[in-house]
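To start, the structure itself, in structure tokens.
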Amino acid sequence: MVPDLNSSSLFDVYQSLFNYNHDGCYALDLEGNFTLFNEAAEEMTGYSREEILQMNFVSLIHEDELEKTLQHFKRVLEGNRERFETTILKKGTGERVDLFLSVVPIKDGNEILGVVGCAQDLTEKKELEALLSGQNEILQLIAKGAPFQKVLDDIIHFIEKFTHGAHCSILLTDPSGQKLVHGSSPSLPKAYNEAVDGIPIGPSVGSCGTSAYLRQPVVVKDIGTDPLWKDYRDLALSHGLRACWSSPVFDDDQQVIGIFAMYYCQASSPREKDRKIIQKATDLTSLVIQHYRAKDRIDFMAYHDALTELPNRRLFDQKVKAAIASANVESGEKACIMFLDLDRFKVVNDSLGHSVGDKLLHHISQTMRSCLGDGAILSRQGGDEFSILLERTTREDAEALAAAILRKMSELVLIDGTEIYITTSIGMSFYPDDGESVETLIGKADVAMYQAKKQGRNTFQSYDVMLDKKALEKLQIENELRKALERGEFEIHYQPIINLCKNKVTGAEALIRWNNEKCGNVPPNQFIPIAEETGLIVPIGEWVLRTALLQLRDWHSGGMPGLTMSVNLSIRQFYQPNLVQTIRDALEMSGVEPEFLTIEITESMTMDVESASVILHELKQLGVNISIDDFGTGYSSLSYLKKFPIDHLKIDRCFVTDIAENKSDENIATTIILMAHNLGLSVIAEGVETAEQLALLKQHHCNDAQGYYFSKPVPAEEFSKVKVPS
1 MVPDLNSSSL FDVYQSLFNY NHDGCYALDL EGNFTLFNEA AEEMTGYSRE EILQMNFVSL
61 IHEDELEKTL QHFKRVLEGN RERFETTILK KGTGERVDLF LSVVPIKDGN EILGVVGCAQ
121 DLTEKKELEA LLSGQNEILQ LIAKGAPFQK VLDDIIHFIE KFTHGAHCSI LLTDPSGQKL
181 VHGSSPSLPK AYNEAVDGIP IGPSVGSCGT SAYLRQPVVV KDIGTDPLWK DYRDLALSHG
241 LRACWSSPVF DDDQQVIGIF AMYYCQASSP REKDRKIIQK ATDLTSLVIQ HYRAKDRIDF
301 MAYHDALTEL PNRRLFDQKV KAAIASANVE SGEKACIMFL DLDRFKVVND SLGHSVGDKL
361 LHHISQTMRS CLGDGAILSR QGGDEFSILL ERTTREDAEA LAAAILRKMS ELVLIDGTEI
421 YITTSIGMSF YPDDGESVET LIGKADVAMY QAKKQGRNTF QSYDVMLDKK ALEKLQIENE
481 LRKALERGEF EIHYQPIINL CKNKVTGAEA LIRWNNEKCG NVPPNQFIPI AEETGLIVPI
541 GEWVLRTALL QLRDWHSGGM PGLTMSVNLS IRQFYQPNLV QTIRDALEMS GVEPEFLTIE
601 ITESMTMDVE SASVILHELK QLGVNISIDD FGTGYSSLSY LKKFPIDHLK IDRCFVTDIA
661 ENKSDENIAT TIILMAHNLG LSVIAEGVET AEQLALLKQH HCNDAQGYYF SKPVPAEEFS
721 KVKVPS
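For the sequence shown, UniProt numbering begins at 1 and goes up steadily by one.
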């Protein structure tokens with residue numbers, strides 16, 4: 001039944017969404033006092049609704065996160081939407097709870113009455129990440145040949161980080177299988193460790209001996225009353241130990257090889273979270289113990305991907321080398337390398353979360369496996385990239401398999417109740433046709449895969465030597481680009497902006513240049529799209545902004561006090577969540593006043609009108625100027641322009657080049673100028689190269705101009721030498 005939107009039932013819908021939301025929902029007044037609080041929030045915090053409505057949110061926040069959280073609260077009260085992480089302390093247990101908050105202001109017209117927010121509990125996700133990270137550190141210790149005792153001690157330290165108040169212990173079965181001997185328990189009293197070293201395995205031998213005997217976990221909530229501890233009760237209590245949870249550690253043959261135990265100084269029972277951690281501890285302990293008996297398991301972990309258990313890149317490279325060495329080239333047999341990259345997988349991760357992304361990757365690995373026959377090797381290279389090795393195949397069979405994989409991969413996938421449609425792009429190279437080394441074959445398969453993406457994704461492409469030059473050039477540029485900032489290879493040239501009324505330089509546009517030892521002087525139209533595609537444009541753009549503002553500060557203090565600086569933003573930069581803060585920080589760092597900075601964006605960035613409007617208004621609140629670059633070449637409409645807080649329009653050079661010879665271009669330029677002036681905007685013409693172009697622009701009252709007629713972009717030290725033609 002659809003509620004009547006004109007009745008009070010709409011309020012009931014909103015109230016239900018708030019009260020029964022699985023995320024913690026709350027509202028605060030202007031002072032930060034809670035005014036609303038749903039059941040999910042009660043569960044997250046440990047406070048009842050009655051308690052919390054008497055409290056201020058500050059009392060919940062962990063002291064390490066308080067200052068940052070207060071800043072976000074302040075920004076919401078200024079009318080901003082904020083998304084951030086923080087940490088609270090749960091009532092009763094004192095445990096840290098990591099939250100991701102989405103907070104918006106409550107408004108009545110233009111008046112802000114408070115804030116409302118939703119909180120997602122990230123604790124389990126972060127603990128899982130930390131557990132996986134800690135597990136990898138333990139595995140690295142093993143791989144490096146660390147002493148057995150150190151590895152056991154590190155397991156204890158690692159697990160105790162996730163168990164509030166626990167003192168952990170590892171006991172090992174002795175060669176006879178009849179006793180438990182000391183393994184590691186660095187946080188337990190030494191005298192207690194010595195007393196229990198060598199206890200028998202049997203019924204009623206505390207928690208540990210009984211667990212090994214029964215081959216199952218034994219939870220003793222209170223040592224003081226449990227009959228299993230009758231012979232060891234006084235020993236434990238004398239050392240302040242009151243509860244003990246013990247779990248057997250099994251080897252691959254399901255033989256008990258040890259016990260992992262958690263002691264507590266107060267009577268307590270394990271929660272579901274504790275049981276998961278205990279399971280992780282016993283698994284890891286089993287792995288470590290068995291390392292010294294069977295190295296094969298460790299080799300598996302070192303050569304396989306943890307998430308999918310597929311061979312990793314290291315093992316895959318070895319398999320390819322072996323295939324090359326054993327290939328019978330004379331018989332016409334080929335080996336095929338397929339490189340597969342999931343199309344738009346990042347969108348899944350960003351929109352549905354990494355947990356769903358991981359499940360999707362696991363599902364995809366199984367789907368790919370189902371397409372392969374015996375002898376084919378499927379590997380996860382990392383992230384959303386997979387590779388396949390086909391030995392003794394033909395080009396036709398490999399292409400048929402690629403087509404079958406694409407068909408199977410294009411089927412809808414259901415993950416946690418969400419339907420996901422994801423495709424893949426496949427590149428293929430063949431031995432010996434395309435190369436004779438692992439690196440060459442994988443590199444050329446990668447080149448072919450990118451060509452498949454350029455063809456529209458969800459397709460496959462075999463390597464073609466005609467692709468090589470451009471693709472390898474792009475690959476080299478990308479590799480060098482990743483190191484360019486660190487090496488200090490970028491510099492900024494500045495093109496003067498001339499005020500046509502005053503006939504003087506009043507501004508500069510910052511334009512990045514890159515000189516690389518291997519690639520030479522790389523034109524911006526070559527490296528900027530690659531930087532945008534890889535995300536490197538974000539740190540590069542931040543460097544340009546900071547450097548340009550520092551240069552402007554020097555010019556202001558050196559005799560050019562009114563000069564302005566224009567800095568271009570790419571679309572990836574424009575939609576960065578921290579864009580406004582980045583610009584604010586750069587202004588504060590340089591000491592330049594905001595009114596001397598102009599942010600240039602292109603028309604295409606404003607296609608998402610709602611999002612663009614929010615970002616532009618936030619930028620405008622900083623006090624900077626905003627310019628639409630290349631105006632007339634994109635997708636904007638006049639109605640959009642009225643919604644945006646824009647100061648300048650830039651006429652694209654394509655309308656200026658033939659303005660003196662082509663009446664249509666002159667009419668377009670004139671129209672843009674008139675329209676901009678009617679909207680209260682100033683106009684800058686770029687690409688001015690002749691006196692005739694300049695004369696027409698002045699005739700139509702264009703405000704400013706830039707181009708080679710005045711000066712090409714020059715290094716900072718040459719900027720002050722620029723002379724404006726009279």
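Beta carbons are placed, not taken as given, at the ideal position from N, Cα and C, and that holds for glycine.
Three-state secondary structure assigned by DSSP to Ala146:
coil
Reduced DSSP category for Leu113 - H, G, I as helix; E, B as strand; rest coil:
strand
Which of helix, strand or coil DSSP assigns to Gly202:
coil
Taking the CB atoms as reference points, tell me whether Ser462 and Phe339 lie closer together than 9 angstroms.
no
Compute the distance between the beta-carbons of Thr506 and Ile512, then report whether it is under 9 angstroms.
no
Please state if the CB of Arg96 and the CB of Leu89 are separated by a distance shorter than 9 angstroms.
yes
Relative to the ligand FMN, is the shortest distance from any of its heavy atoms to the C-beta of Gln381 smaller than 8 angstroms?
Because no ligand of any kind appears in the structure shown, any question about the ligand FMN cannot be addressed here.
Hey, would you say Glu595 sits closer than 9 angstroms to Ile628, going by beta carbons?
no
Can you tell me whether DSSP reads Phe460 as helix, strand or coil?
strand
Confirm, please, whether the CB-CB distance from Gly559 to Ser726 is below 9 angstroms.
no
Helix or strand or just coil, what does DSSP make of Ile415?
strand
Local conformation of Asn625 per DSSP, three classes
strand
Between which two residues does the beta strand (DSSP E) holding Leu315 run?
Where Leu315 is concerned, there is no enclosing beta strand (DSSP E), although the alpha helix (DSSP H) it sits in stretches over 313–326.
Are Leu681 and Asp647 close, meaning C-beta to C-beta below 9 angstroms?
yes
For Pro248, does the three-state DSSP call read helix, strand or coil?
strand
Contacts around Ser211, its chain only, beta-carbon distance under 7 angstroms, and the 5 residues preceding and following it disregarded
Pro217, Val218, Ser246, Ser247, Pro248, Ile259
For Val614, count neighbouring C-beta atoms within 10 Å of its own C-beta (all shown protein chains included) and say buried if the count is 16 or more, exposed if not.
exposed
If distances are taken between C-alpha atoms only, which option among Val656, Tyr303, Lys642, Gly535 comes closest to Phe574?
Gly535
Cβ neighbours of Met1 in the same chain (closer than 8 angstroms, five flanking residues each side left out):
Confidence at Met1 is low in this model, with a pLDDT of 37, below 50, so its placement is unreliable and no value can be given for it.
Outcome for residue 734 when other beta-carbon atoms lying within 10 angstroms are tallied against a minimum of 16
With the chain represented from 1 up to 726, any question about residue 734 goes unanswered, as that position is not in the structure.
Is the beta carbon of Ala448 sitting closer than 9 angstroms to the one on Asp464?
yes
Spell out the partners DSSP gives residue 727 in its beta bridges.
Lying outside 1 to 726, the shown extent of the chain, residue 727 is not represented and no answer is given.
Report all residues from its chain with a CB closer than 7 angstroms to the CB of Leu284; omit the five preceding and five following residues, and keep chain order.
Gln135, Ile138, Ile155
For the candidate residues Ala685, Phe710, His182, whose alpha-carbon lies nearest to that of Gln699?
Ala685
Hey, out of Asn479, Gly373, Thr564, Ala281, whose CA is closest to Leu132's CA?
Ala281
Alpha carbon of Trp555 to alpha carbon of Leu563, nearest angstrom:
8 angstroms
Lys91 versus Phe490, Ile52, Ile388, residue with shortest Cα-Cα distance:
Ile52
8 angstroms contact criterion, which Glu489 and Asn515 should meet: CB distance rounded:
6 angstroms
At least 3 beta-carbon pairs within less than 8 angstroms: the region 416–428 vs the region 323–340
yes
With distance defined between alpha-carbon atoms, name the residue in Ser566, Ser268, Pro561 nearest to Val220.
Ser268
Does the Cβ of Met409 have 16 or more other Cβ atoms within 10 Å, making it buried, or fewer, making it exposed?
buried
So, using beta-carbon positions, are Pro203 and Asp153 closer together than 9 angstroms?
no
Between the C-alpha atoms of Gln451 and Thr459, what's the straight-line distance to the nearest angstrom?
10 angstroms
Cutting at 6 angstroms between CB atoms, please list the residues of its own chain near Thr69, excluding the five before and the five after it.
Ile61, Thr86
Is Gln140 helix, strand or coil by DSSP?
helix
Could you name the residues of the same chain whose beta carbon sits closer than 7 angstroms to that of residue 729, not counting the 5 residues immediately before and after it, in chain order?
As displayed, the chain neither begins before 1 nor continues past 726, which places residue 729 out of reach and without an answer.
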